[in-house]
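The numbering of the sequence shown is our numbering, which starts it at 18 and goes up by one.
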Amino acid sequence: MPIPHTDVMPALDFDTLTTPHERDRPTADPLLPPVDELPASASQPEAVCRRVRDELMLDGNARLNLATFVTTWMEPQARELMAETAEKNLADRAEYPQITAMEERCVRMLARLWHAPRPAEVRGCSTTGSSEAAMLGGLALKRRWQDRRRAQGRDTERPNIVMGSNVQVGWKKFANYFEVEPRYVPMEPGRYHLTPDTLTAYCDDNTIGVVAVLGSTFDGSYEPVADICLALDGYQAATGTDIPVHVDGASGAMVAPFLDPGLMWDFQLERVASINTSGHKYGHVFPGLGWALWRDAEALPDDLVFEVDYLGGSSPSFTLNFSRPGAHVVAQYYSFLRYGFEGLRDLAARSRTTARALADRIAAIAPYELVTDGSELPAFAFRVAPGTEGLTVFDVSHAMRARGWHLPAYTFPAPCQDVSVLRVVVRTGFTAELAGMFVADLTEVTRRLHTDRLSPSLS
Ligand SMILES: Cc1ncc(COP(=O)(O)O)c(C=O)c1O
18 MPIPHTDVMP
28 ALDFDTLTTP
38 HERDRPTADP
48 LLPPVDELPA
58 SASQPEAVCR
68 RVRDELMLDG
78 NARLNLATFV
88 TTWMEPQARE
98 LMAETAEKNL
108 ADRAEYPQIT
118 AMEERCVRML
128 ARLWHAPRPA
138 EVRGCSTTGS
148 SEAAMLGGLA
158 LKRRWQDRRR
168 AQGRDTERPN
178 IVMGSNVQVG
188 WKKFANYFEV
198 EPRYVPMEPG
208 RYHLTPDTLT
218 AYCDDNTIGV
228 VAVLGSTFDG
238 SYEPVADICL
248 ALDGYQAATG
258 TDIPVHVDGA
268 SGAMVAPFLD
278 PGLMWDFQLE
288 RVASINTSGH
298 KYGHVFPGLG
308 WALWRDAEAL
318 PDDLVFEVDY
328 LGGSSPSFTL
338 NFSRPGAHVV
348 AQYYSFLRYG
358 FEGLRDLAAR
368 SRTTARALAD
378 RIAAIAPYEL
388 VTDGSELPAF
398 AFRVAPGTEG
408 LTVFDVSHAM
418 RARGWHLPAY
428 TFPAPCQDVS
438 VLRVVVRTGF
448 TAELAGMFVA
458 DLTEVTRRLH
468 TDRLSPSLS
């Protein structure tokens, strides 16, 4: 029906002239709206949504975050699939058999990618990330050791796990939560991760396993998994004690298969019992996804696996969580099908090429020197050359923050606590243009903080 024309202005309704945002604003103190307690009543969805968005504006810009290994860019199609499957619970396997099938297919793909000699025998599951996967890997090692000891009629007290002091905090949590003594092989000046030379001095009959990291959170370097296994072969020959290896490939297990095909680090090494990775790192899925795989049923004792039937159907479950988003598994399946081996290799290669180029540029800026150069993980650490006056990595990190960059600065563990570094992680979405802007900002910040401080009259 046509709207009748009228010259008469309708009466102003001041209530509708104010935005919902303004109407919903609490009047008691407009500058301090209460957010620490549950509001007494409901508000309009648009108003609340705007308010939450306003708060989120104060968070950093994920693509300027050079600290995280976690995916911050996904294709619109992958985002759409995640949004379309946001309500699907991975635990409801009978209701969502297709997501379960996708999870199993991803496990098979990873088993082949990591050269499992008998892929059909591999046991695996998705997790919320590498930390949960590490807990599961560690638990399986512990249970296997306990079973072995019981079979020998021996006690199961005081298990220990051996790892470099550079392990990610997830392993420290595992040791703490599951009562396993952590034995950290310390770093040495110039050697910032686990190497085979001193490793076996930390092992004994109670060692449930050794954790080898591909690559290190501290500086992106790969630990020499094959040499670590070789050292443990020698230890077994000398003592009779067979110690399995778990590879923490949080980032590297989705980089090395594509870029370092000659590197021996995976199930090709018989001593490697299990591997974890983060689907949400170089697997190109937004945060919330990891994977844990065991070489075979022997590596994952049956008594750790639960059969669950109360949601209809029966399915094996070996995870710390029950309900979990199915959307992340869907996104992983998408990224595997979308990119394939070649596409994933291209993405990893781009990141590594950018990381290498960036490292070279930074090495040319005085007074920085590289600790690693981005030739393993697409990540590297650099420091202020020892003996430099008037500049610390913490000053640089702080000043870069003011330009929007999140460039973390931290100190290595003892006895290398005199080494403080800045770390750059390159991920898909960190374009050449961004890299150029980053170098320009770093150069300027360094000039301002260092050169100008040392010789103010020249500036
Ligand atoms: C080597 C390593 N292991 C484990 C983790 C923990 O991974 P997530 O964040 O997926 O739990 C990280 C995180 O950066 C890592 O670098």
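Even glycine gets a Cβ: it sits at the ideal position worked out from N, Cα and C.
Ligand 1 and residue i: does any heavy atom of the ligand fall closer than 6 Å to the residue's C-beta?
{"i": "Val-230", "result": "yes"}
{"i": "Gln-285", "result": "no"}
{"i": "Phe-13", "result": "Because the chain in this structure spans residues 18 to 476, residue 13 falls outside the shown range and cannot be described."}
{"i": "Gln-163", "result": "no"}
{"i": "Ala-192", "result": "no"}
{"i": "Gly-187", "result": "yes"}
{"i": "Ser-147", "result": "yes"}
{"i": "Ala-267", "result": "yes"}
{"i": "Phe-353", "result": "no"}
{"i": "Ala-391", "result": "First, the amino acid is wrong: residue 391 is Gly here, not Ala. No, the Cβ of Gly-391 stays beyond 6 Å of every heavy atom of ligand 1."}
{"i": "Gly-155", "result": "no"}
{"i": "Ser-295", "result": "yes"}
{"i": "Phe-86", "result": "yes"}
{"i": "Gly-307", "result": "yes"}
{"i": "Thr-234", "result": "yes"}
In the structure shown, what three-state DSSP assignment does residue i receive?
{"i": "Trp-478", "result": "Here the chain covers residues 18 to 476 and nothing more, so residue 478 does not appear."}
{"i": "Thr-460", "result": "helix"}
{"i": "Tyr-113", "result": "coil"}
{"i": "Arg-470", "result": "helix"}
{"i": "Leu-475", "result": "With a pLDDT of 46 at Leu-475, under the threshold of 50, the modelled position of that residue is not reliable, and no figure is offered here."}
{"i": "Cys-123", "result": "helix"}
{"i": "Gly-407", "result": "coil"}
{"i": "Ser-392", "result": "coil"}
{"i": "Ser-143", "result": "strand"}
{"i": "Asp-265", "result": "strand"}
{"i": "Val-413", "result": "helix"}
{"i": "Gly-453", "result": "helix"}
{"i": "Met-271", "result": "helix"}
{"i": "Ala-498", "result": "Since the first and last residues shown for the chain are 18 and 476, residue 498 lies out of range."}
{"i": "Tyr-209", "result": "coil"}
{"i": "Arg-171", "result": "coil"}
{"i": "Ala-128", "result": "helix"}
If I follow the unbroken alpha helix (DSSP H) through residue i, where does it start and stop?
{"i": "His-345", "result": "344 to 380"}
{"i": "Phe-191", "result": "186 to 194"}
{"i": "Asp-214", "result": "213 to 216"}
{"i": "Arg-166", "result": "147 to 168"}
{"i": "Tyr-252", "result": "242 to 256"}
{"i": "Asp-71", "result": "62 to 73"}
{"i": "Glu-97", "result": "93 to 101"}
{"i": "Phe-335", "result": "Phe-335 -> no alpha helix (DSSP H), and no H or E assigned at all."}
{"i": "Phe-303", "result": "Where Phe-303 is concerned, there is no enclosing alpha helix (DSSP H), given that its DSSP letter is neither H nor E."}
Could you please give the first and the last residue of the uninterrupted beta strand (DSSP E) stretch that includes residue i?
{"i": "Val-438", "result": "437 to 442"}
{"i": "Ser-291", "result": "289 to 294"}
{"i": "Glu-386", "result": "385 to 387"}
{"i": "Pro-199", "result": "198 to 202"}
{"i": "Ala-309", "result": "307 to 311"}
{"i": "Phe-235", "result": "Counting along the chain, Phe-235 falls outside any beta strand (DSSP E), and DSSP gives it neither H nor E."}
{"i": "Phe-323", "result": "323 to 325"}
{"i": "Val-179", "result": "177 to 181"}
Would you check if the distance between the CB atom of residue i and the CB atom of residue j is smaller than 7 Å?
{"i": "Trp-282", "j": "Leu-247", "result": "no"}
{"i": "Leu-439", "j": "Val-462", "result": "no"}
{"i": "Asn-293", "j": "Ala-309", "result": "yes"}
{"i": "Pro-384", "j": "Ala-402", "result": "yes"}
{"i": "Ser-143", "j": "Glu-120", "result": "yes"}
{"i": "His-263", "j": "Gly-226", "result": "yes"}
{"i": "His-467", "j": "Leu-408", "result": "yes"}
{"i": "Gly-357", "j": "Leu-107", "result": "no"}
{"i": "Asn-177", "j": "Arg-200", "result": "yes"}
{"i": "Val-87", "j": "Pro-304", "result": "yes"}
{"i": "Ala-400", "j": "Val-456", "result": "Per the sequence shown, residue 400 should be read as Arg rather than Ala. Cβ atoms of Arg-400 and Val-456: not closer than 7 Å."}
{"i": "Gln-285", "j": "His-415", "result": "no"}
{"i": "Glu-138", "j": "Asp-313", "result": "yes"}
{"i": "Tyr-239", "j": "Glu-393", "result": "yes"}
{"i": "Leu-306", "j": "Gly-296", "result": "yes"}
{"i": "Arg-420", "j": "Asp-458", "result": "yes"}
{"i": "Ala-426", "j": "Leu-375", "result": "no"}
{"i": "Leu-361", "j": "Phe-275", "result": "yes"}
{"i": "Ala-151", "j": "Trp-90", "result": "no"}
{"i": "Val-202", "j": "Thr-217", "result": "no"}
Report yes or no: do the region 113 to 125 and the region 347 to 360 share at least 3 C-beta pairs separated by less than 8 Å?
yes
With a cut-off of 8 Å, do at least 3 Cβ pairs link the region 442 to 451 to the region 359 to 374?
yes
Does the count of Cβ pairs from the region 178 to 189 and the region 210 to 219 closer than 8 Å reach three?
yes
Do the region 318 to 325 and the region 333 to 341 make contact, defined as three or more Cβ pairs closer than 8 Å?
yes
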